[in-house]
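In terms of the numbering used here, the sequence shown opens at residue 64 and continues consecutively. Glycine included, each C-beta is placed from N, C-alpha and C at the ideal position.
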Amino acid sequence: MKFSEESFRKTTIMSAAGQPIPVGTIFCGGRNYRKHIQELKSKDLGEPIIFTKPATALCQNRESIPLPGQSHDVHHEVELAIIIGKTGKQIPQNDSHTYIAGAAAALDLTMRDIQSQAKKNGTPWAIAKGFDFSCPISKVYPITDLNTLAAVDLFLEKNGTLVQQGNTANMIFPIDYLISYLSGFFTLHPGDIVLTGTPEGVGPIQRGDVLTFWSSFSEKVDIVFT
Ligand code: MG
């Protein structure tokens, strides 16, 4: 068997201090804010909905993103992203915070029409959630304090109008619970990313739209969709 040089390359994202962070798995929690569950007329199932995105979904410092041609209803979801700093399995909730290396603002771009069809058919969300460039992310900031992370403001503007605004205090499943829950199924590794769900205000993106997203601790990220 022969593998090219490139096959040994790991996706990296940058910290605010300019340090490259090799990325592992991108875990995402869904239905974590009550008002978002209401706006999509979804059900609160009493435990987190978990899905993953491949590393190819990540993009940082990318000025434009092509909208996938298969969807007519790609939605923005602004979320707090947690970056895992050490390996762990079956992590107790009260020890979860020691696994946090940093945080970022991110988008969980979703092909809503394809996701709705998948929900109807009982098929996976992999395509609807994991397509190329479906996870734009800001630089990573070395914030590890759980109290700080539990009171982060999230913002998203579409063409200069604020359309999403939320606060992580309104999560149904808090960050330490999510880390503990995930680690019951998956061994977590340094560089794994946990997206923690979106507050209300999700909506469609058209070609030519400019999205700006940020959090109370992070830079503003501008992306134009083509
Ligand atoms: Mg989401």
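Status (buried if at least 16 other CB within 10 Å, exposed otherwise) for residue i
i      : result
Asp171 : buried
Val287 : exposed
Leu245 : buried
Residue j beta carbon less than 8 Å from that of residue i
i      : j      : result
Asp216 : Met174 : no
Thr289 : Glu142 : no
Ala168 : Ala144 : yes
Ser134 : Asp107 : no
Pro262 : Gln227 : yes
Ser67  : Val203 : no
Val257 : Leu241 : yes
Leu274 : Lys221 : yes
Thr196 : Ile128 : The question names Thr, but residue 196 is Phe in the sequence shown. Contact: yes.
Proximity test, residue i beta-carbon vs the ligand MG heavy atom, cut-off 7 Å
i      : result
Thr88  : no
Asp272 : no
Thr261 : yes
Leu258 : yes
Cys91  : yes
Asp171 : yes
Glu140 : yes
One or two residues paired with residue i in a DSSP bridge
i      : result
Met64  : Answer by DSSP bridge pairing: none, since Met64 is not bridged.
Val137 : Met174
Pairwise C-alpha distance: residue j and residue i
i      : j      : result
Leu277 : Ala213 : The identity of residue 277 in the sequence shown is Trp, whereas the question assumes Leu. Straight-line Cα distance between these residues: approximately 16 Å.
Asn61  : Gly132 : No answer is possible for residue 61: the residues shown for the chain start at 64 and end at 289.
Asn184 : Gln178 : 10 Å
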